[in-house]
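Heads up: the protein sequence lines correspond to chains A and B, in order. Quick note, this note's numbering runs 437 ahead of the 1-based positions in the first sequence. Quick note, this note's numbering runs 9 ahead of the 1-based positions in the second sequence. Think of the CB as a built atom: it goes at the ideal place given N, C-alpha and C, for glycine as much as any other residue. Model, not experiment: these values are computed from the prediction. Scroll down for the structure; my scribbles are underneath it.
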Amino acid sequence: MVNTKVNLSGLTLDNPVIPASGTFGFGYEFADIYDINILGSISCKGTTKDPRFGNPTPRIAECTEGMINSVGLQNPGVDKVISEELPKLAKVYKKPIIANVSGFSIDDYAYTCEKMDAQEQVGILEVNVSCPNVHNGGMSFGTSPESAAAVTKAVKAVTKKPVYIKLSPNVTDIVSIAKACEEAGADGISLINTLLGMRIDLRTRKPVIANKMGGFSGPAIFPVAVRMVYQVYEAVNIPIIGMGGVSSARDVIEMMLAGATAVQVGAANLVDPNACPNIINDLPAVMEQYGIENLTDIIGGSHNG
Amino acid sequence: MNNSFYYIKSHEKIAKDVYKMVLGGDTSSITAPGQFINIRLDGFFLRRPISICDYDDETITIIYKVVGQGTSELTDYLPGMSLDVLAGLGNGYDTSKSGDKPLLIGGGVGVPPLYNLCKKLISEGKKPSVILGFNTSDEVFYEDEFKALGADVYVTTVDGTKGIKGFVTDAFDKVDYTYFYTCGPMPMFKAVNAAAKTSGQFSFEERMGCGFGACMGCTHKTKNGNKRVCKEGPVFVKEEIEW
Numbered sequence: 438m439v440n441t442k443v444n445l446s447g448l449t450l451d452n453p454v455i456p457a458s459g460t461f462g463f464g465y466e467f468a469d470i471y472d473i474n475i476l477g478s479i480s481c482k483g484t485t486k487d488p489r490f491g492n493p494t495p496r497i498a499e500c501t502e503g504m505i506n507s508v509g510l511q512n513p514g515v516d517k518v519i520s521e522e523l524p525k526l527a528k529v530y531k532k533p534i535i536a537n538v539s540g541f542s543i544d545d546y547a548y549t550c551e552k553m554d555a556q557e558q559v560g561i562l563e564v565n566v567s568c569p570n571v572h573n574g575g576m577s578f579g580t581s582p583e584s585a586a587a588v589t590k591a592v593k594a595v596t597k598k599p600v601y602i603k604l605s606p607n608v609t610d611i612v613s614i615a616k617a618c619e620e621a622g623a624d625g626i627s628l629i630n631t632l633l634g635m636r637i638d639l640r641t642r643k644p645v646i647a648n649k650m651g652g653f654s655g656p657a658i659f660p661v662a663v664r665m666v667y668q669v670y671e672a673v674n675i676p677i678i679g680m681g682g683v684s685s686a687r688d689v690i691e692m693m694l695a696g697a698t699a700v701q702v703g704a705a706n707l708v709d710p711n712a713c714p715n716i717i718n719d720l721p722a723v724m725e726q727y728g729i730e731n732l733t734d735i736i737g738g739s740h741n742g
Numbered sequence: 010m011n012n013s014f015y016y017i018k019s020h021e022k023i024a025k026d027v028y029k030m031v032l033g034g035d036t037s038s039i040t041a042p043g044q045f046i047n048i049r050l051d052g053f054f055l056r057r058p059i060s061i062c063d064y065d066d067e068t069i070t071i072i073y074k075v076v077g078q079g080t081s082e083l084t085d086y087l088p089g090m091s092l093d094v095l096a097g098l099g100n101g102y103d104t105s106k107s108g109d110k111p112l113l114i115g116g117g118v119g120v121p122p123l124y125n126l127c128k129k130l131i132s133e134g135k136k137p138s139v140i141l142g143f144n145t146s147d148e149v150f151y152e153d154e155f156k157a158l159g160a161d162v163y164v165t166t167v168d169g170t171k172g173i174k175g176f177v178t179d180a181f182d183k184v185d186y187t188y189f190y191t192c193g194p195m196p197m198f199k200a201v202n203a204a205a206k207t208s209g210q211f212s213f214e215e216r217m218g219c220g221f222g223a224c225m226g227c228t229h230k231t232k233n234g235n236k237r238v239c240k241e242g243p244v245f246v247k248e249e250i251e252w
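Structure below.
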């Protein structure tokens with residue numbers, strides 16, 4: 438018998454497989470497809486202070502081994518998430534969840550995180566610093582160590598729950614940003630968010646996505662994600678949730694060898710609603726194939742020394 | 010919704026760039042005309058959503074037009090091969106609102122979902138009229154099939170090479186109707202909305218990520234709040250649509 442349990446900041450997960458934010462809604466709709474209690478945890482749809490419609494359609498473009506989305510954080514706002522969405526999830530999912538939070542100012546982040554902190558079913562706060570900072574010319578909070586640290590500090594001040602900062606890969610030096618978050622008190626790092634991408638329609642000669650650009654995800658970005666998890670693992674001493682194109686049990690193991698303690702599955706859920714259960718079912722056999730008894734033993738296993 | 014493999018029973022070209030495919034497999038998740046399936050194709054990351062033209066206990070009929078690389082690839086699939094399909098997606102047309110004389114208005118590849126709808130309306134004792142709009146005569150399909158169901162059928166072509174010259178709305182004065190159902194391109198929707206004298210239901214198309222409500226890629230604003238075309242749609246009632 439292999440052991441698939443992992444530990445994230447004191448939270449024991451039955452397995453490291455977590456559907457990624459934005460690809461799983463608030464989870465309960467997937468309960469019609471399979472028993473979602475088999476999941477390690479669930480990272481819920483990105484939640485903001487106020488309700489958001491998001492961006493105009495088309496919001497989706499296909500790519501080779503991936504896709505671009507420009508949904509734009511559509512969500513009903515934190516109050517409705519707490520009053521309507523989380524209770525629906527609580528009926529069908531009995532484990533602690535990861536609340537994914539976004540904001541457009543430091544105050545936004547603190548406001549939403551403070552409300553999420555009061556929710557018993559929330560085990561971890563995952564703070565997405567990839568959205569534009571409206572007080573700083575639209576530059577994303579996640580693109581500078583200073584602003585990422587400022588968000589981390591503000592959120593840590595309003596919650597006792599573990600705070601994971603979800604970093605954008607659209608930066609020149611992800612390591613310095615991860616270190617700044619760690620120094621500011623982050624309990625963990627989630628990476629990577631989507632890569633900025635674009636497709637153009639040959640017939641209309643215009644961008645496919647109404648918002649022109651969007652976030653590129655899917656198996657095509659897996660090597661970029663593995664590389665960044667590897668780099669960040671070398672530089673920080675807090676756990677990493679690795680994500681970006683994960684679609685198989687082998688990918689989970691590779692991501693953990695790079696340095697991830699747990700793994701999120703994103704775009705794969707959208708093309709195969711059973712992607713997560715398939716990965717969880719396959720995991721023990723793949724572990725045995727590679728002589729892995731305890732999954733925690735391989736975290737960062739590809740690093741020398 | 011169910012996800013399984015379906016085998017291709019038949020696959021044929023029925024008009025210019027338009028193909029009809031009959032799939033054998035589990036149809037238990039299909040509950041209403043106007044729902045769709047989402048097909049996975051080798052070499053393409055996202056599935057292709059295609060409306061259900063007709064179904065019975067063992068088969069699903071789809072009619073699709075080649076509009077890009079994915080649908081072009083689909084034409085290479087031969088009878089006997091199998092396809093990974095998510096079936097029974099979306100909410101279809103509600104026939105309870107139709108009155109005695111519903112009007113069905115299809116434009117191009119918007120025509121297929123109206124076929125099973127027409128069948129259902131007739132089985133409920135109603136007398137549907139059907140307007141099928143195309144650009145030109147070699148694009149026309151399913152005129153005879155709708156007639157065989159017992160519907161009054163009018164064909165319009167933009168260039169006048171078949172039926173009434175003009176758009177679907179140019180045939181409106183020929184029919185007396187109590188309600189309408191439509192599927193087709195957005196310019197046609199706007200014309201239908203402006204010309205229609207009754208309430209009705211529109212089946213929308215949108216670029217989708219998943220097709221089952223997970224990604225929020227296809228959301229439309231409606232007067233009843235944000236709705237996902239794939240999950241709460243694709244059918245919306247006239248009164249809730251924001252044009």
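Where residue i falls: helix, strand or coil (DSSP)
i	result
A/Ile519	helix
B/Pro122	helix
A/Gly432	With chain A represented from 438 up to 742, any question about residue 432 of chain A goes unanswered, as that position is not in the structure.
A/Asp545	helix
A/Pro644	strand
B/Pro111	strand
A/Met650	coil
B/Tyr15	strand
B/Phe176	coil
A/Met553	helix
B/Ser212	strand
A/Met504	strand
A/Ile658	helix
B/Glu21	strand
A/Asn474	helix
CB of residue i within 8 angstroms of CB of residue j, strictly
i	j	result
B/Tyr186	B/Thr207	yes
A/Leu510	A/Arg489	yes
B/Ile59	B/Tyr73	yes
A/Ala699	A/Leu476	no
A/Lys603	A/Leu632	no
B/Glu241	B/Asn100	yes
A/Pro598	A/Asp554	The identity of residue 598 of chain A in the sequence shown is Lys, whereas the question assumes Pro. Yes, the pair counts as a contact, with Cβ atoms nearer than the cut-off.
B/Gly218	A/Leu707	yes
A/Ser478	A/Leu450	yes
A/Glu619	A/Ile675	yes
A/Ile678	A/Tyr601	yes
B/Leu144	B/Thr166	The sequence shown places Asn at residue 144 of chain B, not Leu. Cβ distance < 8 angstroms, so B/Asn144 and B/Thr166 count as in contact.
A/Gly625	A/Gly651	no
A/Gly491	B/Thr228	yes
A/Ile736	A/Gly696	yes
Interface residues of chain B facing residue i [CB-CB closer than 7 angstroms]
i	result
A/Met504	Phe54, Leu55 and Gly218
A/Gly655	Phe54
Residue i beta carbon near the ligand PLP (any heavy atom closer than 7 angstroms)
i	result
A/Leu445	With respect to the ligand PLP, the structure shown offers nothing to examine, as it has no ligands at all.
Contact list for residue i against chain A, beta-carbon separation under 8 angstroms
i	result
B/Ala223	Thr460, Phe461, Gly462, Glu466, Phe467, Asn706, Leu707 and Pro710
B/Asn235	Phe490 and Gln511
B/Lys230	Phe490
Residue range of the unbroken beta strand (DSSP E) whose run includes residue i
i	result
B/Ile59	Arg57 to Tyr64
A/Asn537	Ile534 to Val538
B/Lys29	Val27 to Gly33
A/Glu499	Ile497 to Cys500
A/Lys616	First-last for A/Lys616: Ile611 to Glu620, but that is the alpha helix (DSSP H), not the beta strand (DSSP E).
A/Thr484	First-last for A/Thr484: undefined, no H or E at that position.
Partners in chain B for residue i, counting only beta-carbon separations shorter than 9 angstroms
i	result
A/Pro495	Glu215, Arg216, Gly226 and Cys227
A/Val508	Gly218, Cys224, Met225, Gly226 and Thr228
Cross-chain neighbours of residue i in chain A, by beta carbon under 7 angstroms
i	result
B/Asn12	Pro710 and Asn711
Closer than 8 angstroms at the beta carbon, the chain B residues around residue i
i	result
A/Gly696	The premise fails here: A/Gly696 is roughly 27 angstroms from chain B at the closest Cβ pair, so nothing lies under 8 angstroms.
A/Glu671	Per Cβ cutoff of 8 angstroms: no residues; A/Glu671 is ~31 angstroms from chain B at best.
A/Cys500	Phe54
The alpha helix (DSSP H) enclosing residue i, as first and last residue numbers
i	result
B/Gly79	Gln78 to Leu83
A/Met692	Ala686 to Ala695
B/Asn202	Met195 to Ala204
A/Cys713	Ala712 to Gln726
B/Phe155	Glu152 to Leu158
A/Asn706	Ala704 to Val708
Integer-rounded CB distance, given that residue j should sit under 8 angstroms from residue i
i	j	result
A/Thr549	A/Val515	5 angstroms
B/Ser91	B/Tyr28	The Cβ separation is near 17 angstroms, so there is no contact.
B/Gly222	A/Val508	That belief does not hold up - the Cβ atoms of B/Gly222 and A/Val508 are roughly 13 angstroms apart, past 8 angstroms.
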